[in-house]
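Protein sequences, first through last, are from chains A and B.
Here our numbering is used: the first residue of the first sequence is 1024, the next is one more, and so on.
Here our numbering is used: the first residue of the second sequence is 50, the next is one more, and so on.
Beta carbons are placed, not taken as given, at the ideal position from N, Cα and C, and that holds for glycine.
Below is one structure, written out as structure tokens; comments come after it.
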Amino acid sequence: MNQQAFSVMSDLYNRIFVNQISNPEILVDYAVWNRILQSLPKDYKLPDEPVTYI
Amino acid sequence: MKILLATHWLIPHVGGVWNFMEQLKNRLEQLGHEVDLLGNSPDYKKIHIVNRGKELAKEALLPMLESKLNSQTAPGLNQHYAIRHYELERYCMELAAAYFGLQQYDIIHTQDSFSTRSLGRVKPGRTPLVSHVHGSVAREMMDHFRNNPSKGVDERSPAWRYFPALEYHAAMSSDLTIAANHWSKNILMTDCGVPDHRITVFQYGLDAAAFQAKYNAGTPLRRPPGKKVIICPARLVYVKGVHVLLDSLAVLKQMRSDWVCWIVGDGGMREQLEEQTVRASLQHDVFFLGEHNNVPGLLAQADIFAHTCIQDNQPFSVMEAQMAGLPSVVSTAGGLPEMVTHGYTGLIAPVGDAVSTAKQLSLLLEREDYRKFLGQNAKAFAQDHWSMDLMVQRTLNVYYGAIAQKSSV
């Protein structure tokens, strides 16, 4: 990863998780995750529940 | 068209799926299409579009996923380490695909259930998704769990149910699934519950011109005088059943000595197989040639092709042997009986039946006329059946059909 990356708290992207928890200690690259969030379908969620609830 | 070929597996890689993707890319580009290749990097640390130099390190994704998908927030995913492993890998592909952007593609063509389900979840709704199955992950994993009871996974376990569930949801995420044979299709239907109408079947193709060039180039290796060559090009892993072939060669040695066997390929079982060879006193009859850059050239020196696999889909090795005009001695595993017609292009023995295989090899060593009859039939069959042009045309027809279907919605 780029050493100069601008890091933000991962909690900023909690909306993609079905069950949300706060992990203030986990930082992520703002540019990478913003670009990902812009492309994901609006209803995208993690985990993939139909596959994992078996 | 702008086409994305994608896989969960490593690219580039020594193996069938990568060869298939490369060959398809080349043919599609010759026809004027633009093709990108998405997959895992060879060290598994990145997802990349290998021909574009685009990549995203999993390090940018995994710490967050691992923290937020714990046993409280994601109990389903955390039922077994195998489920957690494959799901986290899949989510990396989903997020990386979103990062690269999928809007530019007219069609996405995935090469396994993992990438199919992943890209099905993140692609634009209007983009058609066609999936290809090159074997059965569900069946391989079930066999793996059965053969390794110490893993503690049986029919009631979540890890057992995960792989068929994944294959089902993958097939339902794509517009159409292509299987190379009816064996694969039947597994998808019976083990995974995929409806019949969502699967089409057509065989792989072989680049005949490239094959012929290598065949004609030959190899410095020469058969020993007075001996026939039995050849087995295969990765040295359990499912390829080379251990069964060695058992059958031990029986064959009791029957006759006018043969040698060339085993072409490498893999995790090499040492074990070499030990088996010594234990059976076959070290002067069986030769491990390792990876070889000209298998067609070796086939030109051989007399009989053998593939006693435990499970296989539609191996290129059989297609190449038939193209070389060799009779095949194969097992009943997987899609092999759809490739070889017993008594017409080769001989087929039950999986794991070393004695029957030995008898068939002996028959072909004994009867030159029969051996040549089977080989000639195999060559005539191969030239027609394994046509690359036919496969590419059928693939394009599937693409156009999926695009038309999406446009009409």
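Sub-8 Å separation of residue i and residue j beta-carbons
i          : j         : result
ILE353(B)  : PHE336(B) : no
VAL309(B)  : ALA403(B) : no
PHE163(B)  : ILE98(B)  : no
ASN362(B)  : HIS183(B) : yes
ALA55(B)   : LEU225(B) : no
PRO345(B)  : GLY424(B) : no
THR22(B)   : ASN426(B) : Summary: the structure shown does not reach residue 22(B), with chain B confined to residues 50 through 458, and so no result is reported for it.
THR45(B)   : GLY314(B) : Missing from the structure shown is residue 45(B); chain B here goes from 50 to 458 and no further.
VAL1074(A) : HIS62(B)  : no
GLN325(B)  : PRO207(B) : no
VAL378(B)  : VAL367(B) : no
ASN68(B)   : PHE260(B) : no
Neighbour flag for residue i against chain A, beta carbons, 8 Å
i         : result
GLY81(B)  : no
LEU144(B) : yes
LYS107(B) : no
SER116(B) : yes
GLY150(B) : yes
ARG210(B) : yes
GLU104(B) : no
TYR140(B) : yes
THR176(B) : no
ARG166(B) : yes
HIS218(B) : yes
PRO112(B) : yes
VAL182(B) : no
THR381(B) : no
THR122(B) : yes
ALA214(B) : yes
VAL335(B) : no
PRO207(B) : yes
VAL171(B) : yes
ALA55(B)  : no
Closer than 8 Å to chain B by CB, residue i
i          : result
LEU1035(A) : no
MET1024(A) : Any reading at MET1024(A) needs caution, since the residue's pLDDT is 48, under 50, leaving its predicted position unreliable; the model's value is listed next. At least one chain B Cβ lies under 8 Å of MET1024(A).
ASN1057(A) : no
TYR1067(A) : yes
VAL1031(A) : no
SER1062(A) : yes
PRO1070(A) : yes
TYR1076(A) : yes
PRO1047(A) : no
Residues bridged to residue i [DSSP beta-bridge criterion]
i         : result
THR249(B) : ILE227(B)
THR159(B) : ALA55(B), SER180(B)
SER456(B) : DSSP, once it has assigned bridges, lists no residue as partnering SER456(B).
PHE992(A) : Outside the modelled stretch of chain A, which goes from 1024 to 1077, sits residue 992(A), for which no answer is possible.
GLU104(B) : HIS97(B)
LYS200(B) : Note: LYS200(B) sits in no beta bridge, so no partner.
TYR437(B) : Note that residue 437(B) corresponds to Met in the displayed sequence, not to Tyr. According to DSSP, which records beta bridges pairwise, MET437(B) is partnered with nothing at all.
CYS281(B) : ILE312(B)
Residue i, buried or exposed, once every other Cβ within 10 Å from all chains shown has been counted against 16
i          : result
ILE248(B)  : buried
THR239(B)  : exposed
LEU348(B)  : buried
SER223(B)  : buried
GLN332(B)  : exposed
TYR130(B)  : exposed
GLN1043(A) : exposed
PRO91(B)   : exposed
TYR1036(A) : buried
GLN121(B)  : exposed
ARG133(B)  : buried
HIS246(B)  : exposed
SER1045(A) : exposed
GLY81(B)   : exposed
GLN160(B)  : buried
task: Say whether the segment 351-368 of chain B touches the segment 273-280 of chain B, bearing in mind that this needs 3 or more beta-carbon pairs closer than 8 Å, one atom from each stretch.
output: yes
query: If you pair each beta-carbon of the segment 284-304 of chain B with each one of the segment 401-418 of chain B, do three or more pairs fall below 8 Å?
result: Yes, the segment 284-304 of chain B touches the segment 401-418 of chain B.
query: For the segment 161-179 of chain B against the segment 195-210 of chain B, are there 3 or more C-beta pairs whose distance is under 8 Å?
result: Taking a cut-off of 8 Å for Cβ pairs, the segment 161-179 of chain B and the segment 195-210 of chain B do not touch, as fewer than three such pairs fall below it.
- request: Please determine if the segment 254-271 of chain B and the segment 434-446 of chain B are in contact, where contact requires at least 3 C-beta pairs separated by less than 8 Å.
  value: yes
message: Tell me whether the segment 110-117 of chain B and the segment 175-182 of chain B touch, counting them as touching only if at least three CB pairs, one residue from each stretch, are closer than 8 Å.
response: no
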